[in-house]
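Scroll down for the structure; my scribbles are underneath it.
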Amino acid sequence: MTVTATTPTPATGSTPAGARGDTLVEIDRLTMFFPVRQGILQRRVGWVRAVDDVSFEVRRGETLGLVGESGCGKSTAGRAILQLYRPTSGHVRFEGTELTTASTSELRRMRRNMQIVFQDPYASLNSRLTVAAIVSEPLEIHHIASGRERTRRVNELLELVGLDPSMSSRFPHEFSGGQRQRIGIARAIALNPQFIVCDEPISALDVSIQAQVVNLLQDLQERLGLTYLFIAHDLSVVRHISDRVAVMYLGKIVEITTRQLLYDRPLHPYTMALLSAVPIPDPAVERQRRRMILTGDVPSPVNPPSGCRFHTRCPFAQERCRAEEPPLSEVETGHRVACHFWSEINEAGGTRSLPVMPQTGAAVVASPYQDEDQGEGMTEEEERSLQGAPPLKEALIGGAPISGETGSRDDAGLSESLDVPQKPA
31 MTVTATTPTP ATGSTPAGAR GDTLVEIDRL TMFFPVRQGI LQRRVGWVRA
81 VDDVSFEVRR GETLGLVGES GCGKSTAGRA ILQLYRPTSG HVRFEGTELT
131 TASTSELRRM RRNMQIVFQD PYASLNSRLT VAAIVSEPLE IHHIASGRER
181 TRRVNELLEL VGLDPSMSSR FPHEFSGGQR QRIGIARAIA LNPQFIVCDE
231 PISALDVSIQ AQVVNLLQDL QERLGLTYLF IAHDLSVVRH ISDRVAVMYL
281 GKIVEITTRQ LLYDRPLHPY TMALLSAVPI PDPAVERQRR RMILTGDVPS
331 PVNPPSGCRF HTRCPFAQER CRAEEPPLSE VETGHRVACH FWSEINEAGG
381 TRSLPVMPQT GAAVVASPYQ DEDQGEGMTE EEERSLQGAP PLKEALIGGA
431 PISGETGSRD DAGLSESLDV PQKPA
(Lines of atoms letter the chains of each structure in order from A; the text may use other names.)
(Lines give C-alpha, C1' and ligand atoms only; values in the text may rest on other atoms or scores of the structure.)
Protein backbone atom coordinates (compact mmCIF):
# COMPACT_ATOMS: atom_id res chain seq x y z
CA MET A 31 0.00 0.00 0.00
CA THR A 32 1.25 3.47 -0.86
CA VAL A 33 0.36 6.67 0.94
CA THR A 34 -0.12 9.48 -1.53
CA ALA A 35 -2.07 12.03 0.49
CA THR A 36 -0.20 15.20 1.33
CA THR A 37 -2.38 15.89 4.36
CA PRO A 38 -3.18 13.22 6.96
CA THR A 39 -6.81 12.13 6.99
CA PRO A 40 -8.72 10.22 9.63
CA ALA A 41 -8.81 6.47 9.28
CA THR A 42 -12.18 4.91 8.57
CA GLY A 43 -11.50 1.37 9.81
CA SER A 44 -13.42 -1.69 8.75
CA THR A 45 -16.82 -0.05 9.20
CA PRO A 46 -18.04 3.36 8.04
CA ALA A 47 -17.23 6.14 10.45
CA GLY A 48 -20.22 7.26 12.49
CA ALA A 49 -21.29 10.74 13.42
CA ARG A 50 -19.69 12.64 16.27
CA GLY A 51 -21.20 11.52 19.55
CA ASP A 52 -21.72 7.87 18.58
CA THR A 53 -20.06 5.33 20.89
CA LEU A 54 -16.62 4.46 19.54
CA VAL A 55 -15.22 2.44 22.46
CA GLU A 56 -17.38 0.60 24.97
CA ILE A 57 -15.89 -0.72 28.21
CA ASP A 58 -18.10 -3.17 30.09
CA ARG A 59 -17.15 -4.47 33.57
CA LEU A 60 -13.44 -4.33 32.81
CA THR A 61 -11.28 -6.03 35.45
CA MET A 62 -7.49 -6.20 35.61
CA PHE A 63 -5.89 -8.11 38.50
CA PHE A 64 -2.17 -8.78 38.89
CA PRO A 65 -0.99 -11.77 40.95
CA VAL A 66 1.07 -11.28 44.10
CA ARG A 67 3.67 -14.03 44.37
CA GLN A 68 5.87 -15.04 47.25
CA GLY A 69 8.54 -17.54 48.15
CA ILE A 70 11.01 -19.67 46.24
CA LEU A 71 8.29 -21.36 44.19
CA GLN A 72 6.55 -18.03 43.55
CA ARG A 73 3.16 -19.22 44.72
CA ARG A 74 0.30 -16.82 44.27
CA VAL A 75 -0.77 -15.40 47.65
CA GLY A 76 -3.03 -12.54 46.57
CA TRP A 77 -4.10 -10.14 43.86
CA VAL A 78 -3.52 -6.47 43.11
CA ARG A 79 -6.97 -5.25 42.12
CA ALA A 80 -5.76 -2.49 39.82
CA VAL A 81 -9.00 -2.12 37.84
CA ASP A 82 -12.14 -3.66 39.28
CA ASP A 83 -15.45 -3.84 37.38
CA VAL A 84 -15.16 -0.57 35.43
CA SER A 85 -17.75 0.42 32.82
CA PHE A 86 -17.95 3.52 30.63
CA GLU A 87 -17.98 4.53 26.98
CA VAL A 88 -15.91 6.88 24.84
CA ARG A 89 -17.86 8.74 22.17
CA ARG A 90 -16.56 9.47 18.73
CA GLY A 91 -14.77 12.82 18.45
CA GLU A 92 -14.75 13.61 22.17
CA THR A 93 -12.04 13.82 24.81
CA LEU A 94 -12.85 11.81 27.92
CA GLY A 95 -10.68 12.82 30.86
CA LEU A 96 -9.75 10.15 33.42
CA VAL A 97 -8.51 11.53 36.74
CA GLY A 98 -7.62 10.23 40.18
CA GLU A 99 -4.78 9.86 42.65
CA SER A 100 -1.57 7.98 41.83
CA GLY A 101 -2.12 4.24 41.95
CA CYS A 102 -5.87 4.34 41.37
CA GLY A 103 -5.63 2.34 38.13
CA LYS A 104 -5.95 5.02 35.44
CA SER A 105 -2.97 3.96 33.32
CA THR A 106 -3.76 0.27 33.80
CA ALA A 107 -7.29 0.89 32.54
CA GLY A 108 -5.96 2.68 29.45
CA ARG A 109 -3.54 -0.12 28.63
CA ALA A 110 -6.15 -2.81 29.25
CA ILE A 111 -8.51 -1.06 26.82
CA LEU A 112 -5.82 -1.29 24.13
CA GLN A 113 -5.08 -4.90 25.16
CA LEU A 114 -1.50 -4.06 26.06
CA TYR A 115 -2.58 -5.84 29.24
CA ARG A 116 -4.96 -8.74 28.67
CA PRO A 117 -7.86 -8.08 31.08
CA THR A 118 -8.78 -10.60 33.76
CA SER A 119 -12.43 -10.26 32.76
CA GLY A 120 -14.85 -7.86 31.13
CA HIS A 121 -15.39 -6.62 27.60
CA VAL A 122 -13.86 -3.91 25.41
CA ARG A 123 -15.60 -3.20 22.12
CA PHE A 124 -14.19 -0.93 19.43
CA GLU A 125 -16.86 0.01 16.88
CA GLY A 126 -18.74 -3.07 18.02
CA THR A 127 -15.77 -5.44 17.63
CA GLU A 128 -14.84 -7.39 20.78
CA LEU A 129 -11.15 -6.94 21.59
CA THR A 130 -10.71 -9.18 24.65
CA THR A 131 -11.20 -12.36 22.61
CA ALA A 132 -9.38 -11.16 19.47
CA SER A 133 -6.33 -13.06 18.28
CA THR A 134 -2.89 -11.47 17.95
CA SER A 135 -3.28 -10.99 14.20
CA GLU A 136 -6.74 -9.46 14.64
CA LEU A 137 -5.45 -7.08 17.29
CA ARG A 138 -2.59 -6.03 15.04
CA ARG A 139 -5.08 -4.99 12.38
CA MET A 140 -7.27 -3.22 14.93
CA ARG A 141 -4.32 -1.26 16.32
CA ARG A 142 -4.17 0.77 13.13
CA ASN A 143 -7.19 2.53 14.63
CA MET A 144 -6.03 2.56 18.29
CA GLN A 145 -2.77 4.06 19.52
CA ILE A 146 -1.20 5.39 22.71
CA VAL A 147 0.97 8.32 23.77
CA PHE A 148 3.05 7.22 26.74
CA GLN A 149 3.78 9.23 29.86
CA ASP A 150 7.57 9.18 29.81
CA PRO A 151 9.00 10.84 26.68
CA TYR A 152 12.44 9.46 27.55
CA ALA A 153 11.70 5.77 28.14
CA SER A 154 9.08 5.44 25.40
CA LEU A 155 11.54 6.12 22.55
CA ASN A 156 14.24 3.66 21.50
CA SER A 157 17.54 5.45 22.07
CA ARG A 158 19.24 3.35 19.38
CA LEU A 159 16.91 4.47 16.58
CA THR A 160 16.79 7.76 14.72
CA VAL A 161 13.60 9.83 14.71
CA ALA A 162 12.90 8.72 11.15
CA ALA A 163 13.12 5.06 12.18
CA ILE A 164 10.92 5.59 15.24
CA VAL A 165 8.15 7.41 13.37
CA SER A 166 8.26 5.07 10.36
CA GLU A 167 8.19 1.88 12.43
CA PRO A 168 4.34 1.66 12.45
CA LEU A 169 4.35 2.16 8.68
CA GLU A 170 6.83 -0.68 8.29
CA ILE A 171 4.95 -3.07 10.57
CA HIS A 172 1.67 -2.49 8.74
CA HIS A 173 3.32 -2.47 5.28
CA ILE A 174 2.32 1.10 4.48
CA ALA A 175 4.47 2.93 1.94
CA SER A 176 8.17 2.34 1.32
CA GLY A 177 11.27 4.14 0.11
CA ARG A 178 10.74 7.77 -0.78
CA GLU A 179 7.03 7.60 -0.04
CA ARG A 180 7.74 6.53 3.53
CA THR A 181 10.34 9.28 3.94
CA ARG A 182 7.84 11.83 2.69
CA ARG A 183 5.24 10.54 5.14
CA VAL A 184 7.71 10.83 8.04
CA ASN A 185 8.57 14.41 7.09
CA GLU A 186 4.88 15.20 6.83
CA LEU A 187 4.21 13.82 10.33
CA LEU A 188 7.11 15.76 11.85
CA GLU A 189 5.80 18.99 10.33
CA LEU A 190 2.35 18.18 11.65
CA VAL A 191 3.62 18.01 15.24
CA GLY A 192 5.77 21.13 14.91
CA LEU A 193 9.22 19.61 14.30
CA ASP A 194 11.64 20.37 11.47
CA PRO A 195 11.90 17.39 9.07
CA SER A 196 15.66 17.97 8.94
CA MET A 197 15.77 16.57 12.50
CA SER A 198 14.71 13.11 11.32
CA SER A 199 18.29 11.79 11.27
CA ARG A 200 18.89 12.67 14.93
CA PHE A 201 18.61 10.40 17.95
CA PRO A 202 16.22 10.90 20.92
CA HIS A 203 18.95 12.08 23.31
CA GLU A 204 19.46 15.15 21.12
CA PHE A 205 15.96 16.47 21.89
CA SER A 206 14.29 18.13 24.86
CA GLY A 207 11.43 16.48 26.75
CA GLY A 208 8.78 18.44 24.88
CA GLN A 209 10.30 17.59 21.52
CA ARG A 210 10.48 13.91 22.46
CA GLN A 211 6.81 13.91 23.35
CA ARG A 212 6.06 15.45 19.95
CA ILE A 213 7.96 12.55 18.36
CA GLY A 214 5.83 10.13 20.37
CA ILE A 215 2.68 11.89 19.16
CA ALA A 216 3.93 11.73 15.54
CA ARG A 217 4.42 7.98 15.93
CA ALA A 218 0.92 7.61 17.42
CA ILE A 219 -0.81 9.37 14.49
CA ALA A 220 1.34 7.75 11.78
CA LEU A 221 -1.39 5.21 10.89
CA ASN A 222 -4.26 7.73 11.00
CA PRO A 223 -5.94 6.17 14.06
CA GLN A 224 -9.40 7.04 15.30
CA PHE A 225 -8.74 6.57 19.02
CA ILE A 226 -5.69 7.54 21.09
CA VAL A 227 -5.05 6.88 24.77
CA CYS A 228 -3.03 9.81 26.14
CA ASP A 229 -1.43 8.32 29.25
CA GLU A 230 -0.43 11.41 31.26
CA PRO A 231 1.37 12.88 28.21
CA ILE A 232 2.31 16.16 29.94
CA SER A 233 3.10 15.13 33.52
CA ALA A 234 6.87 14.85 32.86
CA LEU A 235 7.10 18.23 31.08
CA ASP A 236 7.67 21.81 32.22
CA VAL A 237 4.54 23.94 32.64
CA SER A 238 5.25 26.09 29.59
CA ILE A 239 5.81 22.99 27.45
CA GLN A 240 2.65 21.37 28.83
CA ALA A 241 0.52 24.11 27.29
CA GLN A 242 2.18 23.63 23.90
CA VAL A 243 1.57 19.86 23.91
CA VAL A 244 -2.05 20.28 25.02
CA ASN A 245 -2.64 22.81 22.24
CA LEU A 246 -1.01 20.42 19.76
CA LEU A 247 -3.31 17.58 20.83
CA GLN A 248 -6.37 19.79 20.45
CA ASP A 249 -5.23 20.98 17.02
CA LEU A 250 -4.64 17.40 15.85
CA GLN A 251 -8.05 16.36 17.16
CA GLU A 252 -9.74 19.10 15.17
CA ARG A 253 -7.77 18.41 11.99
CA LEU A 254 -7.82 14.60 12.06
CA GLY A 255 -11.08 13.86 13.85
CA LEU A 256 -9.39 12.04 16.73
CA THR A 257 -10.99 10.65 19.88
CA TYR A 258 -8.98 10.83 23.12
CA LEU A 259 -8.97 9.08 26.46
CA PHE A 260 -6.92 11.69 28.33
CA ILE A 261 -5.39 10.39 31.58
CA ALA A 262 -3.97 13.07 33.89
CA HIS A 263 -3.46 14.36 37.41
CA ASP A 264 -3.79 18.06 36.63
CA LEU A 265 -7.48 18.87 36.99
CA SER A 266 -7.02 22.30 35.42
CA VAL A 267 -5.63 20.74 32.23
CA VAL A 268 -8.40 18.13 32.22
CA ARG A 269 -11.00 20.88 32.48
CA HIS A 270 -9.39 22.68 29.54
CA ILE A 271 -9.18 19.74 27.15
CA SER A 272 -12.00 17.34 28.12
CA ASP A 273 -15.63 17.13 27.06
CA ARG A 274 -16.50 14.64 29.80
CA VAL A 275 -14.59 13.56 32.90
CA ALA A 276 -14.48 10.25 34.79
CA VAL A 277 -13.13 10.16 38.35
CA MET A 278 -11.39 6.99 39.52
CA TYR A 279 -10.60 5.83 43.05
CA LEU A 280 -8.87 2.57 43.99
CA GLY A 281 -9.78 0.76 40.77
CA LYS A 282 -13.38 2.01 40.58
CA ILE A 283 -15.15 4.78 38.64
CA VAL A 284 -16.93 6.90 41.27
CA GLU A 285 -18.32 9.69 39.08
CA ILE A 286 -18.60 10.46 35.38
CA THR A 287 -20.32 13.39 33.71
CA THR A 288 -19.77 16.40 31.50
CA ARG A 289 -16.95 18.79 32.27
CA GLN A 290 -19.37 21.58 33.17
CA LEU A 291 -21.43 19.51 35.60
CA LEU A 292 -18.41 17.93 37.30
CA TYR A 293 -16.62 21.19 38.01
CA ASP A 294 -19.73 23.20 38.86
CA ARG A 295 -21.63 20.62 40.92
CA PRO A 296 -19.65 17.51 41.92
CA LEU A 297 -21.79 14.94 43.72
CA HIS A 298 -19.29 12.37 45.00
CA PRO A 299 -17.32 13.29 48.18
CA TYR A 300 -14.05 12.18 46.59
CA THR A 301 -14.63 14.44 43.58
CA MET A 302 -15.36 17.31 45.98
CA ALA A 303 -12.06 16.71 47.75
CA LEU A 304 -10.12 16.59 44.47
CA LEU A 305 -11.63 19.80 43.13
CA SER A 306 -11.21 21.65 46.42
CA ALA A 307 -7.45 21.06 46.15
CA VAL A 308 -7.22 22.95 42.84
CA PRO A 309 -6.20 26.60 43.46
CA ILE A 310 -8.24 29.32 41.76
CA PRO A 311 -6.24 32.38 40.61
CA ASP A 312 -8.81 34.80 42.02
CA PRO A 313 -8.37 35.82 45.67
CA ALA A 314 -12.02 36.80 46.04
CA VAL A 315 -13.27 33.43 44.81
CA GLU A 316 -10.58 31.51 46.67
CA ARG A 317 -11.63 33.08 49.98
CA GLN A 318 -15.20 31.90 49.46
CA ARG A 319 -14.21 28.27 48.89
CA ARG A 320 -14.23 25.51 51.50
CA ARG A 321 -11.10 23.36 51.23
CA MET A 322 -11.72 19.67 52.03
CA ILE A 323 -8.54 17.98 53.26
CA LEU A 324 -8.76 14.21 53.57
CA THR A 325 -6.87 12.35 56.28
CA GLY A 326 -5.32 8.91 56.01
CA ASP A 327 -3.73 7.11 53.11
CA VAL A 328 -5.28 5.40 50.12
CA PRO A 329 -5.91 1.74 51.04
CA SER A 330 -3.89 -0.95 49.32
CA PRO A 331 -5.40 -2.40 46.13
CA VAL A 332 -4.25 -5.79 47.42
CA ASN A 333 -6.60 -5.42 50.38
CA PRO A 334 -9.35 -2.92 49.45
CA PRO A 335 -12.07 -2.01 51.97
CA SER A 336 -15.43 -3.71 51.80
CA GLY A 337 -18.48 -1.81 50.60
CA CYS A 338 -17.67 1.62 49.23
CA ARG A 339 -13.92 1.81 48.80
CA PHE A 340 -13.87 5.46 49.81
CA HIS A 341 -15.66 4.95 53.13
CA THR A 342 -12.39 4.76 55.12
CA ARG A 343 -11.63 8.39 54.15
CA CYS A 344 -15.11 9.84 53.58
CA PRO A 345 -16.41 12.29 56.24
CA PHE A 346 -20.00 11.47 55.25
CA ALA A 347 -19.63 7.67 55.56
CA GLN A 348 -22.31 5.66 57.34
CA GLU A 349 -22.75 2.00 58.20
CA ARG A 350 -24.38 1.25 54.85
CA CYS A 351 -21.24 2.49 53.07
CA ARG A 352 -19.18 -0.05 54.97
CA ALA A 353 -21.46 -2.98 54.17
CA GLU A 354 -22.80 -2.28 50.68
CA GLU A 355 -20.93 -1.21 47.53
CA PRO A 356 -22.78 1.60 45.75
CA PRO A 357 -23.50 1.05 42.05
CA LEU A 358 -22.50 3.63 39.45
CA SER A 359 -26.02 4.96 38.84
CA GLU A 360 -27.33 7.74 36.62
CA VAL A 361 -28.76 10.36 38.97
CA GLU A 362 -29.52 12.86 36.22
CA THR A 363 -29.11 12.96 32.47
CA GLY A 364 -25.47 12.24 31.64
CA HIS A 365 -24.36 12.23 35.30
CA ARG A 366 -23.47 8.93 37.01
CA VAL A 367 -22.34 8.68 40.63
CA ALA A 368 -21.37 5.76 42.89
CA CYS A 369 -22.55 7.04 46.29
CA HIS A 370 -25.43 5.96 48.56
CA PHE A 371 -25.98 9.42 50.03
CA TRP A 372 -25.14 11.80 47.18
CA SER A 373 -28.55 13.49 47.40
CA GLU A 374 -28.36 14.12 51.16
CA ILE A 375 -24.78 15.41 50.87
CA ASN A 376 -25.76 17.74 48.04
CA GLU A 377 -28.80 19.08 49.90
CA ALA A 378 -26.69 19.69 53.00
CA GLY A 379 -24.31 21.88 50.99
CA GLY A 380 -21.50 19.42 50.32
CA THR A 381 -18.20 20.70 51.70
CA ARG A 382 -19.96 23.78 53.14
CA SER A 383 -21.48 21.53 55.82
CA LEU A 384 -18.07 20.46 57.17
CA PRO A 385 -16.44 22.11 60.22
CA VAL A 386 -13.37 24.21 59.48
CA MET A 387 -10.11 25.08 61.21
CA PRO A 388 -10.10 28.81 62.07
CA GLN A 389 -6.40 29.16 61.24
CA THR A 390 -6.73 27.98 57.64
CA GLY A 391 -10.41 28.05 56.80
CA ALA A 392 -10.08 24.47 55.56
CA ALA A 393 -12.06 21.44 56.62
CA VAL A 394 -9.67 18.71 57.76
CA VAL A 395 -12.01 15.75 57.74
CA ALA A 396 -11.79 12.13 58.79
CA SER A 397 -14.01 9.14 58.22
CA PRO A 398 -15.62 7.44 61.25
CA TYR A 399 -14.09 4.26 59.80
CA GLN A 400 -10.61 5.65 59.12
CA ASP A 401 -8.90 3.12 61.40
CA GLU A 402 -10.51 0.19 59.65
CA ASP A 403 -7.90 -1.87 57.82
CA GLN A 404 -9.86 -5.02 57.02
CA GLY A 405 -10.58 -5.54 53.35
CA GLU A 406 -12.32 -7.93 51.05
CA GLY A 407 -9.10 -9.17 49.45
CA MET A 408 -7.24 -10.49 52.51
CA THR A 409 -4.73 -13.27 52.20
CA GLU A 410 -5.42 -16.57 53.90
CA GLU A 411 -2.84 -15.78 56.59
CA GLU A 412 -4.61 -12.51 57.44
CA GLU A 413 -8.02 -14.20 57.59
CA ARG A 414 -6.70 -16.79 60.06
CA SER A 415 -5.13 -14.16 62.30
CA LEU A 416 -8.40 -12.18 62.43
CA GLN A 417 -10.29 -15.30 63.43
CA GLY A 418 -7.80 -16.10 66.23
CA ALA A 419 -6.53 -19.24 64.52
CA PRO A 420 -2.85 -20.21 64.71
CA PRO A 421 -0.67 -19.21 61.75
CA LEU A 422 -1.00 -21.46 58.74
CA LYS A 423 2.61 -22.62 59.06
CA GLU A 424 1.82 -24.07 62.50
CA ALA A 425 -1.55 -25.50 61.45
CA LEU A 426 -0.32 -27.46 58.44
CA ILE A 427 -0.01 -31.20 58.99
CA GLY A 428 2.93 -33.10 57.59
CA GLY A 429 5.69 -30.55 58.06
CA ALA A 430 6.18 -26.83 57.67
CA PRO A 431 6.11 -25.33 54.18
CA ILE A 432 9.14 -23.82 52.50
CA SER A 433 10.26 -20.59 54.19
CA GLY A 434 8.38 -17.57 52.91
CA GLU A 435 5.36 -19.54 51.68
CA THR A 436 1.87 -19.12 53.10
CA GLY A 437 0.91 -22.74 52.62
CA SER A 438 0.68 -25.64 50.22
CA ARG A 439 -2.85 -25.17 48.93
CA ASP A 440 -3.23 -25.02 45.19
CA ASP A 441 -4.06 -21.90 43.21
CA ALA A 442 -7.63 -22.97 42.56
CA GLY A 443 -8.48 -23.02 46.26
CA LEU A 444 -6.83 -19.66 46.85
CA SER A 445 -8.58 -18.11 43.87
CA GLU A 446 -11.88 -19.29 45.24
CA SER A 447 -11.21 -17.78 48.67
CA LEU A 448 -10.21 -14.45 47.11
CA ASP A 449 -13.25 -14.39 44.82
CA VAL A 450 -11.20 -13.67 41.70
CA PRO A 451 -13.43 -13.18 38.63
CA GLN A 452 -12.59 -15.53 35.82
CA LYS A 453 -12.26 -14.38 32.24
CA PRO A 454 -15.24 -15.61 30.18
CA ALA A 455 -14.55 -18.48 27.80
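Under my numbering, the first residue of the sequence shown carries the number 31, and numbering increases by one thereafter. Backbone N, C-alpha and C define an ideal beta-carbon position, used for all residues, glycine too. Computed from a predicted structure; not experimentally measured.
Which residues in the same chain have their Cβ closer than 7 Å to the Cβ of residue i, if we skip the five residues on either side of it in sequence?
{"i": "Tyr-115", "result": "Met-62, Thr-106 and Arg-109"}
{"i": "Thr-53", "result": "Glu-87 and Arg-89"}
{"i": "Tyr-399", "result": "His-341, Thr-342, Ala-347 and Arg-352"}
{"i": "Pro-195", "result": "Asn-185, Leu-188 and Glu-189"}
{"i": "Val-328", "result": "Glu-99, Gly-101 and Leu-280"}
Would you check if the distance between the CB atom of residue i and the CB atom of residue j is smaller than 8 Å?
{"i": "Arg-350", "j": "Leu-324", "result": "no"}
{"i": "Ala-368", "j": "Val-284", "result": "yes"}
{"i": "Pro-117", "j": "Thr-127", "result": "no"}
{"i": "Ile-271", "j": "Val-244", "result": "yes"}
{"i": "Arg-59", "j": "Gly-120", "result": "yes"}
{"i": "Glu-230", "j": "Ala-276", "result": "no"}
{"i": "Ile-457", "j": "Leu-250", "result": "Since the first and last residues shown for the chain are 31 and 455, residue 457 lies out of range."}
{"i": "Arg-142", "j": "His-172", "result": "yes"}
{"i": "Arg-180", "j": "Ser-199", "result": "no"}
{"i": "Pro-299", "j": "Arg-210", "result": "no"}
{"i": "Arg-92", "j": "Asp-273", "result": "Sequence check: residue 92 is Glu here, not Arg. Going by C-beta atoms, Glu-92 is nearer than 8 Å to Asp-273."}
Apart from the five residues on each side of it in sequence, which residues of its chain come closer than 8 Å, Cβ to Cβ, to residue i?
{"i": "Leu-246", "result": "Val-191, Gly-192, Arg-212 and Ile-215"}
{"i": "Phe-64", "result": "Trp-77, Val-78 and Ala-80"}
{"i": "Met-140", "result": "Phe-124, Thr-127, Leu-129 and Ala-132"}
{"i": "Ser-359", "result": "Arg-366, Val-367 and Ala-368"}
{"i": "Arg-67", "result": "Arg-73, Arg-74 and Val-75"}
{"i": "Ser-233", "result": "Gln-149, Ala-262, His-263 and Asp-264"}
{"i": "Thr-160", "result": "Ser-198, Ser-199, Arg-200 and Phe-201"}
Indicate the three-state DSSP secondary structure (helix, strand or coil) for residue i in the structure shown.
{"i": "Val-328", "result": "coil"}
{"i": "Val-66", "result": "strand"}
{"i": "His-365", "result": "strand"}
{"i": "Asp-273", "result": "coil"}
{"i": "Thr-93", "result": "strand"}
{"i": "Gln-145", "result": "strand"}
{"i": "Pro-195", "result": "helix"}
{"i": "Val-161", "result": "helix"}
{"i": "Pro-311", "result": "coil"}
{"i": "Asp-294", "result": "helix"}
{"i": "Leu-188", "result": "helix"}
{"i": "Glu-349", "result": "helix"}
{"i": "Thr-181", "result": "helix"}
{"i": "Thr-106", "result": "helix"}
{"i": "Asp-83", "result": "strand"}
{"i": "Gly-379", "result": "coil"}
{"i": "Ile-232", "result": "coil"}
{"i": "Asp-150", "result": "coil"}
{"i": "Leu-304", "result": "helix"}
{"i": "Asp-58", "result": "strand"}
{"i": "Arg-289", "result": "helix"}
{"i": "Pro-117", "result": "coil"}
{"i": "Thr-53", "result": "strand"}
Bridge partners of residue i, per DSSP?
{"i": "Ile-283", "result": "Met-278"}
{"i": "Gly-76", "result": "Val-66"}
{"i": "Tyr-258", "result": "Thr-93 and Ile-226"}
{"i": "His-263", "result": "Answer is none; His-263 lacks a bridge partner."}
{"i": "Arg-320", "result": "Per DSSP, none; premise fails for Arg-320."}
{"i": "Ser-28", "result": "In this structure the chain extends from 31 to 455, so residue 28 is not present and cannot be described."}
{"i": "Val-88", "result": "Val-55"}
Below 6 Å CB to CB, which residues in the same chain sit around residue i once its five sequence neighbours on both sides are set aside?
{"i": "Cys-456", "result": "As shown, the chain starts at 31 and ends at 455. That puts residue 456 outside it, with no answer to give."}
{"i": "Gly-208", "result": "Leu-235 and Ile-239"}
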